[in-house]
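The sequence shown maps to residues 6 to 161 in my numbering.
Have a look at the structure below, then the notes.
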Amino acid sequence: MILDSISHWENNKGQYGEVVRRALTVISHLNVTDMPSLLEIEGKRMYVMKQTPTTATFEERLAESHVQYADIHLVVEGEEWQGFAPASPHNSSVEDRLEESDYALFEQVKKESRVQLLPGDFSIFWPGEVHRPNCHPKGVVPLVKLVVKIHRDIFE
């Protein structure tokens, strides 16, 4: 998991591979107001979704993980809290759709940490990393965000 800011990422671009730099360059120049809900960057291998999710408390939201795609979550408006944790055989999966839809859901995860994201902040989750997006301690709050999906094959 990586946490950074879209306004400062170029200062840290040495820590990002070429694929992530391409994605960050695209989203840092998007006009989010006028963009469609789905924009393909490199077809289904890399695309960005504009979302206005309903936030919930950590207790109400399930954690998730993917095996095929890395995620970049960028907060555009509002405030989002996210949980993240290393993969563990002790995490209790409540729904496994990794093969057909590339996600597994978890109710409880071990060693979960929490982080607050404000407008301009982004997080990166690699395949296999457990994350709990779209949370807020107050429950439902307004949120606009971009989520970039990057297929693992692009990294090879």
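The beta carbon of each residue, even a glycine, is placed where N, CA and C say it ideally should be.
Q. In chain order, which continuous runs of the alpha helix (DSSP H) of length 4 or greater are located wholly inside the region 60-107?
A. Runs of the alpha helix (DSSP H) spanning 4 or more residues and lying entirely within the region 60-107 occur at 103-106, in chain order.
Q: Please state whether DSSP places Arg27 in a helix, a strand or coil.
A: Helix, per DSSP.
Q) Under three-state DSSP, which class holds Ser33? A) Of the three classes helix, strand and coil, the one that applies to Ser33 here is helix, per DSSP.
Q) Just checking my contact of Pro58 with Leu148 at CB under 8 Å: how many whole Å lie between their CB atoms? A) About 6 Å separates the Cβ atoms of Pro58 and Leu148, confirming a contact at the 8 Å cut-off.
Q: Find out if the Cβ-Cβ distance for the pair Val114, Val99 is shorter than 8 Å.
A: It is not a contact, given that the beta carbons lie outside the stated cut-off.
Q) If we count the other Cβ atoms within 10 Å of its Cβ and call it buried at 16 or more, is Gln87 buried or exposed? A) buried
Q) With 16 other CB atoms within 10 Å as the buried threshold, where does Lys154 fall? A) buried
**Q.** Nearest-angstrom Cα separation, counted from Met54 out to Asp76
**A.** 11 Å
Q: Give me the Cα-Cα distance between Val120 and Gly48, rounded to the nearest whole angstrom.
A: 31 Å
Q: Could you round the C-beta distance between Ala109 and Glu69 to whole angstroms and report it? I think they count as a contact, below 8 Å.
A: 7 Å
Q. From Lys116 to Gly133, what does the alpha carbon distance come to, in whole angstroms?
A. CA-CA distance, Lys116 to Gly133, rounds to 15 Å.
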